[in-house]
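A.B. asks: This note's numbering applies: residue 64 is where the sequence shown begins, and numbers increase by one.
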Amino acid sequence: MNPVKLNLFDPAFHADPYPVYTRLREEEPVHRTVMGAWVITRYADVKVLLRDNTFGVFDIPTRIERKSQFLERNKTGELRTLAQAMRRWLMLCDPPDHTRLRGLVNRSFTPSAVEALRPRVQEMVDQLIARVRDTGKMEIVGELACPLAVTMIASMLGVPEEAHASVTRWADGLSRVLDPLRSLEQYAEMNRVAQEFLEYFRQLFAERRRNPQNDLISSLIAVTDQGDKLTEDEMLSVCMLLFIAGEKTTVNLISNGVLALLRHRDEFERLKQDPALIRGAIDEILRYDSPVQLNTRVPKKDFTLHGKTIPAGDLIYFSLGSANRDPSQFPDPDKFDITRKENRHLAFSGGIHYCLGAALALIEGQLAISTLAREFPKMELVPGTIDWQKEIIFRGPQTLPVLLNP
Numbered sequence: 064m065n066p067v068k069l070n071l072f073d074p075a076f077h078a079d080p081y082p083v084y085t086r087l088r089e090e091e092p093v094h095r096t097v098m099g100a101w102v103i104t105r106y107a108d109v110k111v112l113l114r115d116n117t118f119g120v121f122d123i124p125t126r127i128e129r130k131s132q133f134l135e136r137n138k139t140g141e142l143r144t145l146a147q148a149m150r151r152w153l154m155l156c157d158p159p160d161h162t163r164l165r166g167l168v169n170r171s172f173t174p175s176a177v178e179a180l181r182p183r184v185q186e187m188v189d190q191l192i193a194r195v196r197d198t199g200k201m202e203i204v205g206e207l208a209c210p211l212a213v214t215m216i217a218s219m220l221g222v223p224e225e226a227h228a229s230v231t232r233w234a235d236g237l238s239r240v241l242d243p244l245r246s247l248e249q250y251a252e253m254n255r256v257a258q259e260f261l262e263y264f265r266q267l268f269a270e271r272r273r274n275p276q277n278d279l280i281s282s283l284i285a286v287t288d289q290g291d292k293l294t295e296d297e298m299l300s301v302c303m304l305l306f307i308a309g310e311k312t313t314v315n316l317i318s319n320g321v322l323a324l325l326r327h328r329d330e331f332e333r334l335k336q337d338p339a340l341i342r343g344a345i346d347e348i349l350r351y352d353s354p355v356q357l358n359t360r361v362p363k364k365d366f367t368l369h370g371k372t373i374p375a376g377d378l379i380y381f382s383l384g385s386a387n388r389d390p391s392q393f394p395d396p397d398k399f400d401i402t403r404k405e406n407r408h409l410a411f412s413g414g415i416h417y418c419l420g421a422a423l424a425l426i427e428g429q430l431a432i433s434t435l436a437r438e439f440p441k442m443e444l445v446p447g448t449i450d451w452q453k454e455i456i457f458r459g460p461q462t463l464p465v466l467l468n469p
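1. Alpha carbon to alpha carbon, how far is ALA344 from LYS404? Give it in angstroms, no decimals.
2. If distances are taken between C-alpha atoms only, which option among VAL256, LEU283, ALA421 comes closest to PHE268?
3. Within 10 angstroms of the Cβ of MET442, are there 16 or more other Cβ atoms? Answer buried if so, exposed if not.
4. Suppose you measure from the CA of LEU466 to the CA of LEU322; what does that come to, to the nearest Å?
5. Can you list, in chain order, the residues of its chain whose CB lies under 7 Å from that of TYR84, leaving out five sequence neighbours each side?
6. Apart from the five residues on each side of it in sequence, which residues of its chain come closer than 6 Å, Cβ to Cβ, to LEU237?
7. Which one of ALA422, ILE455, LYS130, ILE415 has the shortest CA to CA distance from ARG17?
8. Taking the alpha carbon of LEU202 as the reference point, which residue from ILE449, LYS453, ARG150 has its own alpha carbon closest?
9. With C-beta atoms as the reference, is VAL286 less than 8 Å away from LEU167?
10. Taking contact to mean at least 3 C-beta pairs separated by less than 8 Å, is the segment 295-305 in contact with the segment 424-441?
11. Can you tell me which residues form a DSSP beta bridge with ARG95?
12. Taking the alpha-carbon positions, what's the ASN65 to PRO80 distance?
13. Our contact map puts GLY119 next to ASP160 with C-beta atoms below 8 Å; I'd like the distance itself, whole angstroms only.
14. Restricting to Cα atoms, I'd like to know which of ILE317, ALA226, ASP397 is closest to PRO82.
15. Helix, strand or coil, according to DSSP, for TYR417 in the structure here?
16. Since ARG360 sits in a beta bridge, which residues does DSSP pair it with?
17. Does DSSP classify PHE72 as helix, strand or coil?
18. Could you tell me the boundaries of the alpha helix (DSSP H) in which GLU347 lies?
19. Whole-angstrom Cβ separation of ARG342 and GLN429, contact assumed at under 8 Å?
20. When you measure from the CB of LEU155 to every non-hydrogen atom of the ligand NAP, does any distance come out below 7 Å?
21. Report the three-state DSSP secondary structure of GLU259 (helix, strand or coil).
22. Is the separation between the beta-carbon of LEU368 and that of ASP108 shorter than 8 Å?
23. Using only CA atoms, which one of SER433, ARG272, PHE264, TRP233 lies nearest to GLY320?
24. Whole-angstrom Cβ separation of LEU241 and ILE123, contact assumed at under 8 Å?
Printed below as a string of structure tokens:
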């Protein structure tokens, strides 16, 4: 058998990465891709290394900023606005900055704080379903998952409803910034979108300083004014990250979940018969087809694992998607089983970079999918090939049309 040559950008790999991951775990658990990055695929390795402080974040902002020299100034300008905003994203910060920023935002995303949002999430799910109920069909990504995710983040921050369409457009325009191999034109467009986003939120911050409300932006302003070291630029970056990461994780969780359940009708039937299984079902969806497939890290010093030495500064991908299909941790890992026990998946990463919005994503996934199962017990996929997002960090279908009452 020929050795595996992993190309993370191959459309065939996007369609189904798991057979490739199986071979890598068995044959080469530390693998160098055709593009020169490293991929680590075994559960035990990924779990430990996610918590290892000898690894730092990958400096994407500097790489983006350097691309400015290749742009024609009169056509596309520079990428400094985008790069500087990203430099303050939690997922791209190491301690001590990460510790300080995370500590100030954490209080709004604790399980107890997010649980109070459950009625609002259910209300939003019901409203989105009501819009399409009479049509007998729904496009899960665009008509349910995306508007739910963006609206909930917008509501938490205090963005007025009339601006929700704009923030949805901005979040979508910035969502691919974490993936490499974007063209200069794409980066320039994302920089333009970042400028629009920041301009709007600066105005909203000024309004909240004059008229505080019961929302996250007002809370961030309050802790800053009380003396905590959080600048306005840092607050703006936090808001931007919440939209991008919050949208992608939740959208893919819901769409991957609907897809898995409708492809495994026996599991869908079990969920309909016992709605209390929804919490376990969401965990199994996160494990079986993880919405975030890869985490990036960089070793601060040379690092050896399974006989392979990775030089300091090289890009490493920790494969959450592969780790969550590792048979050494999950018996019969390719089976979708919503009653799986001891489901300690790594879908939300681990260590200091554990997903800030995990509790909110869980509630959104639980309510969206359980409501669909209750309201449309005969729901089916529209026949056809799934067109997967052309990304390597995130995994989910670009669209997912279903028939509600076939």
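A virtual CB, placed ideally from N, CA and C, is assigned to each residue, including glycine.
C.D. replies: This is what the structure gives:
1. Computed Cα separation, rounded: 11 Å.
2. With distances taken between Cα atoms, PHE268 lies closest to LEU283.
3. So MET442 ends up on the buried side.
4. So the two alpha carbons sit approximately 12 Å from each other.
5. In chain order, THR104, SER382, GLY384, SER385, ARG388 place their CB closer than 7 Å to the CB of TYR84, counting only its own chain and leaving out the 5 sequence neighbours on each side.
6. Here the set comprises MET253, VAL256, ILE307.
7. In the structure displayed, the chain extends from 64 to 469; residue 17 sits before or after that span and is not available.
8. Position check: residue 202 holds Glu in this sequence, whereas Leu was assumed. When only C-alpha atoms are compared, the closest one is ILE449.
9. Yes. Within cutoff.
10. Under the three-pair Cβ rule at 8 Å, the segment 295-305 does not count as touching the segment 424-441.
11. Bridge partners of ARG95: TRP101.
12. So the two alpha carbons sit approximately 17 Å from each other.
13. Not confirmed; about 12 Å, so no contact.
14. Out of ILE317, ALA226, ASP397, ASP397 has the C-alpha closest to the C-alpha of PRO82.
15. Reduced to three states, the DSSP call for TYR417 is coil.
16. Looking at the DSSP output, ARG360 sits in a beta bridge with ILE379.
17. Three-state result, PHE72: coil.
18. GLU347 -> alpha helix (DSSP H) spans 341-351.
19. ARG342 to GLN429, Cβ: 7 Å. Contact.
20. As presented, the structure is devoid of all ligands, the ligand NAP included, so that no description of it is given.
21. Taken through DSSP and simplified to helix, strand or coil, GLU259 comes out as helix.
22. Yes, Cβ-Cβ distance for LEU368 and ASP108 is below 8 Å.
23. Comparing Cα-Cα distances from GLY320 to each of SER433, ARG272, PHE264, TRP233, the minimum goes to SER433.
24. Contact check for LEU241 and ILE123: beta-carbon distance about 7 Å, within the 8 Å limit, so the pair qualifies.
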